[in-house]
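Just below is one structure, and these are the notes that go with it.
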Amino acid sequence: MTTTVPVPDGWPSTEEQARAVQDELREHVILDEPGPPPGTGHVTGVDVAYDDERDVVAAAAVVLDASSLSLVAEATAVGRVSFPYVPGLLAFREIPTVLAALDALPCPPGLVVCDGYGLAHPRRFGLASHLGVLTGLPTIGVAKNPFTFAHDDPATPRGSTSALLAGTEEVGRALRTRDGVKPVFVSVGHRVSLPVACAHTLALTPEYRLPETTRRADALCREALRRTRSG
DNA sequence: GCGACAG
DNA sequence: ATCTTGTCGC
Numbered sequence: 020m021t022t023t024v025p026v027p028d029g030w031p032s033t034e035e036q037a038r039a040v041q042d043e044l045r046e047h048v049i050l051d052e053p054g055p056p057p058g059t060g061h062v063t064g065v066d067v068a069y070d071d072e073r074d075v076v077a078a079a080a081v082v083l084d085a086s087s088l089s090l091v092a093e094a095t096a097v098g099r100v101s102f103p104y105v106p107g108l109l110a111f112r113e114i115p116t117v118l119a120a121l122d123a124l125p126c127p128p129g130l131v132v133c134d135g136y137g138l139a140h141p142r143r144f145g146l147a148s149h150l151g152v153l154t155g156l157p158t159i160g161v162a163k164n165p166f167t168f169a170h171d172d173p174a175t176p177r178g179s180t181s182a183l184l185a186g187t188e189e190v191g192r193a194l195r196t197r198d199g200v201k202p203v204f205v206s207v208g209h210r211v212s213l214p215v216a217c218a219h220t221l222a223l224t225p226e227y228r229l230p231e232t233t234r235r236a237d238a239l240c241r242e243a244l245r246r247t248r249s250g
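With the working numbering as the guide, the letters of the first sequence map in order to residues 20 to 250.
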């Protein structure tokens, strides 16, 4: 079942408004909790796919058992594109529909894994941070690119890390999830520590570079978008 | 001022 | 993100 969502009332309509929202909500991020132990409970991946031509966005939330990585539940939602893509303001484009997909789940999500950044953000409030503050859930961000941040190449073996740096501040880590393959970029969202976020990411990558959560959420939201086009 | 820039 | 064929390899 796919739920349909409108753009929320009061949603920012300018970049200036959106940045002001980030500056305000940032105060509510919790950074001093370790987060759920890797391999226990639920882990949920969220992702979105777009059809800018038709102004449609589809989101998916996929709940896995953290220990076996088997499917527990999944939900999708479709909505209107709520913001243009602006680097640093990605959350305003994705969050309304992602929230609807999470709400449609029949069980608690546990840790939420986002496709993008949390703390590693120009104002230290990326998608994962934003989603965490709005839901109260523990969240992390796992991105495929280093954005504007600096990093050294991690050593070759899976599990190797290097700091993601904004100046001298460590805002995340480059984490090698497969031997010799381009690393992913992990940052903290809400209520999870950086070492625990990296441990979760490793637990979610037994076979591929990207976490099973995001792989499955990606496949599901694309399928939901296709159903929107044909049905 | 110019370019770069998560998805 | 999305547009897109074949191709090399496990």
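We put the CB at the ideal spot given by N, CA and C, even for glycine.
- Assignment of His47 by DSSP, reduced to helix, strand and coil, places it in the helix class.
- Apart from the 5 residues on each side of it in sequence, Arg99 sits with its Cβ closer than 6 Å to the Cβ of Val26, Asp74 in its chain, given in chain order.
- In this structure, the straight-line span from the alpha carbon of Ala182 to that of Ala222 is close to 20 Å.
- The C-beta of Gln41 has 16 or more other C-beta atoms within 10 Å across all chains shown, which makes the residue buried.
- At the C-beta level, Thr95 and Ala77 come within 8 Å of one another.
- In the pairwise beta carbon analysis, the segment 130 to 139 is classified as touching the segment 205 to 219: at least three pairs are separated by under 8 Å.
- In the DSSP annotation of this structure, His61 is not part of any alpha helix (DSSP H); the continuous beta strand (DSSP E) holding it starts and ends at 61 to 70.
- About 6 Å separates the beta carbon of Thr232 from that of Leu83, a gap short enough to meet the 8 Å contact definition.
- Note on Glu35: under 16 other CB atoms within 10 angstroms of its CB, so exposed under the neighbour-count rule.
- Per DSSP, the unbroken alpha helix (DSSP H) holding Ser249 starts and ends at 231 to 249.
- Take Val117, set aside five residues on each side of it, and the residues of its chain with a beta-carbon closer than 6 Å to its own are Val65, Ala78, in chain order.
- Minimum Cα-Cα distance from Thr167 among the listed residues Val200, Gly135, Glu242, Leu153 corresponds to Gly135.
- For Gly160 and His149, the gap between their C-alpha atoms comes out near 11 Å.
- Note on Leu194: 16 or more other CB atoms within 10 angstroms of its CB, so buried under the neighbour-count rule.
- Leaving aside the five residues that flank Glu113 on each side, the residues in its chain whose CB is nearer than 6 Å to its CB run, in chain order, Val67.
- Setting aside the 5 residues that flank it on each side, Thr158 is surrounded in the same chain by Leu130, Val131, Val132, Cys133, Gly137, Ala147, Ser148, Leu150, Gly151, Gly208, His209, Arg210, Val211, each with a C-beta closer than 8 Å to its C-beta; the list follows chain order.
- Looking from the CA of Ser89, the closest CA among Ala169, Ser249, Pro230, Val24 belongs to Pro230.
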